[in-house]
Amino acid sequence: MSIPNRCTVLVVGGGPAGSYAAAALAREGVDTVLLEADVFPRYHIGESMLPSIRHFLRFIDLDSKFDSYGFVNKLMFKHAGENGAQVFDGVKVNSIEFEQIDGLTVDPSLSELGRPVSATWSCKATGEKGSITFEYLIDATGRAGLVSTKYMKNRRYNQGLKNVASWGYWSNAGSGIFSAGLAHDDLADGSGWVWLIPLHNGTTSIGVVMNQEAATAKKRETGATTKDLYLNTIKNTPGVWQLLDKAKLQSDLKSASDWSYNASSYASPYLRIVGDAGCFIDPFFSSGVHLALASGLSAALTIRAAQRGDCDEQAAVSWHSKKVAEGYTRFLLVVMSALKQISDREKPVLTDFDEDSFNRAFDFFRPSTADVDKNLTQAEIAQTIEFCVQAFQTASTDEQDAVMTKVAAINSQNGTEGALRELHASLSADERRTLTTIQARQIIRSEDQMNIDNFTIDVIDGMVPRLERSSLGLARFVPKAQTSREDGLRATLGLPEKQKSIFSY
142 MSIPNRCTVL
152 VVGGGPAGSY
162 AAAALAREGV
172 DTVLLEADVF
182 PRYHIGESML
192 PSIRHFLRFI
202 DLDSKFDSYG
212 FVNKLMFKHA
222 GENGAQVFDG
232 VKVNSIEFEQ
242 IDGLTVDPSL
252 SELGRPVSAT
262 WSCKATGEKG
272 SITFEYLIDA
282 TGRAGLVSTK
292 YMKNRRYNQG
302 LKNVASWGYW
312 SNAGSGIFSA
322 GLAHDDLADG
332 SGWVWLIPLH
342 NGTTSIGVVM
352 NQEAATAKKR
362 ETGATTKDLY
372 LNTIKNTPGV
382 WQLLDKAKLQ
392 SDLKSASDWS
402 YNASSYASPY
412 LRIVGDAGCF
422 IDPFFSSGVH
432 LALASGLSAA
442 LTIRAAQRGD
452 CDEQAAVSWH
462 SKKVAEGYTR
472 FLLVVMSALK
482 QISDREKPVL
492 TDFDEDSFNR
502 AFDFFRPSTA
512 DVDKNLTQAE
522 IAQTIEFCVQ
532 AFQTASTDEQ
542 DAVMTKVAAI
552 NSQNGTEGAL
562 RELHASLSAD
572 ERRTLTTIQA
582 RQIIRSEDQM
592 NIDNFTIDVI
602 DGMVPRLERS
612 SLGLARFVPK
622 AQTSREDGLR
632 ATLGLPEKQK
642 SIFSY
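Residue numbering for the sequence shown follows this note's numbering, starting at 142 and increasing by one per position.
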């Protein structure tokens, strides 16, 4: 099969985000072409995933294959082809051509970019070259970020997560990995953490993530090489080292740095940016694949929404860009809160953050501030991260249930403010801590790691996703009227609706 000269949607990049978007679109009958620069099987770090991906895979009927084969590099790429997309690996997209469009701009800074209309490609194996025209482009080019770095030039690095990682693959690691459920271990000096992930081929991926300044200082003080620092760090991490008594490092070390970045926008007219091509946070909490699939689905449904007439292209662009930014922001809060516990820094440093996305995150527990004051300070962000740290505090189901029962029992005649006073007066100190834990988990949306439910109820610009086969797109949100004071109190506290499971608190 040869690469066609034209298609409706061109997807550049066959990783999880690109392959997912291509599969979702092809299942809708959209003429989709997927080009991947590497030849599968390819190397890509990212062995750990969140339970949420199963629900995304189920939407494109890939979950049963996942159960049989596990998450292998070519599985999603091949699945996109089986669902009707034309897929080609070993084909690199070298450049994209844009044309000016009239009457449709989303961001003034993008007005000179125009609309993507064609791309040039080359095949390394055969030397063949060509071009392809399209109506829509999805950039899923991973960390290279073709559009963000070469055309939009809007990538920005998070100076608060200046870390460096080194990792390798070990054989004969101890079986205690499985019985202990060990996934990571924190460094005693608070400078970072170690990941430990058993792989399907019997090897174990072990990586050291360390603050860049701390790593540089340790090398300078001891004269250690990168490998020396890696091995010494593991030896001084008892929870990991005790499992490596008979293990052997069987690969060269790989390293990465400057991986935490985002962008000012993740879309423009007839263009969507997905996965690592747009943003990446940190290996902590394995957010990469979750964000890749969520952004891939967002790209597909916003393209279909514009095609179907659910909204115009400008609205679709806005929805996708805000959805990606919000997902990034929520996981950033999770990661920064967790790393704060590891390092015990007094004030995490965040730069180049998206204020609108932080405001949306704050809506769950600070609606008045989010509505009135759109200019968040560094101090407010630091305080929010401090608040989110509470999400990691232990609160049993019984304790949470008892607090939520008291919330339901409040029947103040003095409005929401009176209900709040009455609620806090009725709670013990321990119950107030439990309430804070519930609120903190709600803002970082820890349940997003477990399911896809919140993807379908997130309201952006008055629209929610419609995840129906053959009807993929966006629908106008019809708000549900608050039927009781309890509903109003829950909304003010940023608590989940009462029909939700206690396990989503």
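Note that beta-carbon positions come from the ideal geometry of N, C-alpha and C, so glycine has one too.
None of these values were measured; they are calculated from a predicted model.
Burial state of residue i, where buried means 16 or more other Cβ atoms lie within 10 Å
i	result
Ser236	exposed
Glu238	exposed
Asn146	exposed
Thr546	exposed
Ser611	exposed
Thr357	exposed
His565	exposed
Cys571	Here the sequence assigns Asp to residue 571, which means Cys is not the residue at that position. Asp571 is exposed by the Cβ-count criterion.
Asn377	exposed
Thr366	exposed
Pro257	buried
Thr470	buried
Lys387	exposed
Ser392	exposed
Gly416	buried
Lys389	exposed
Val600	exposed
His431	buried
Simplified DSSP state of residue i, which is helix, strand or coil
i	result
Gln448	helix
Ala418	helix
Leu613	coil
Trp334	strand
Lys303	coil
Gly309	strand
Val180	coil
Trp262	strand
Asn373	helix
Ala164	helix
Asp280	strand
Met293	helix
Phe618	coil
Ala358	helix
Gln227	strand
Leu412	strand
Ile598	helix
Asn397	Per the sequence shown, residue 397 should be read as Ala rather than Asn. Reduced to three states, the DSSP call for Ala397 is strand.
Ile201	coil
Ser567	helix
Met217	helix
Gly348	strand
Ile144	coil
Leu287	helix
Thr367	helix
Lys233	strand
Thr575	helix
Thr84	Nothing in the structure corresponds to residue 84, since the chain is present only between 142 and 646.
Whole-angstrom C-beta distance between residue j and residue i, which should lie under 8 Å
i	j	result
Arg413	Ile279	5 Å
Leu175	Ala163	4 Å
Ile444	Tyr277	5 Å
Pro410	Glu454	6 Å
Met217	Ser272	Incorrect: roughly 26 Å between the Cβ atoms, too far for contact.
Ala433	Leu166	Contact flag wrong, Cβ pair sits at about 16 Å.
Same chain, Cβ closer than 7 Å to residue i, neighbours up to 5 away in sequence not counted
i	result
Tyr402	Arg296, Arg297, Tyr298, Asn299, Cys420 and Phe421
Thr290	Arg296
Leu198	Asp204 and Phe207
Arg617	Gly603 and Met604
Lys368	Leu394
Contacts around residue i, its chain only, beta-carbon distance under 6 Å, and the 5 residues preceding and following it disregarded
i	result
Val349	Ser307, Val335, Tyr371 and Thr374
Thr345	Trp311, Ala314 and Pro339
Asp451	Gly614 and Leu615
Trp400	Phe421
Tyr407	Ile414, Gly419, Ser462 and Val465
Lys303	Gln353
Gln241	Gly255
Ser396	Ser307
Phe533	Bear in mind that a pLDDT of 48 at Phe533, under 50, signals an unreliable position, so the number given afterwards is only what the model happens to contain. Within the same chain, Phe533 has no close Cβ partners at all.
Contacts around residue i, its chain only, beta-carbon distance under 8 Å, and the 5 residues preceding and following it disregarded
i	result
Thr597	Val605, Pro606 and Leu608
Tyr292	Ile237, Phe239 and Leu254
Val544	Leu568, Glu572, Thr575, Leu576 and Ile579
Asp602	Ala456, Ser459, Trp460 and Lys463
Heavy atom of the ligand ZN within 7 Å of residue i beta-carbon
i	result
Ala435	In the structure shown, the ligand ZN is absent, as is every other ligand, since no ligand is present at all.
Can we say the stretch 156-174 touches the stretch 286-301, given the rule of at least three CB pairs closer than 8 Å? no
Under 8 Å, with one C-beta from each stretch per pair, do the stretch 152-161 and the stretch 432-446 reach the 3-pair mark? yes
Contact between the stretch 227-234 and the stretch 254-267 is defined here as three or more beta-carbon pairs at a separation below 8 Å; is this criterion met? yes
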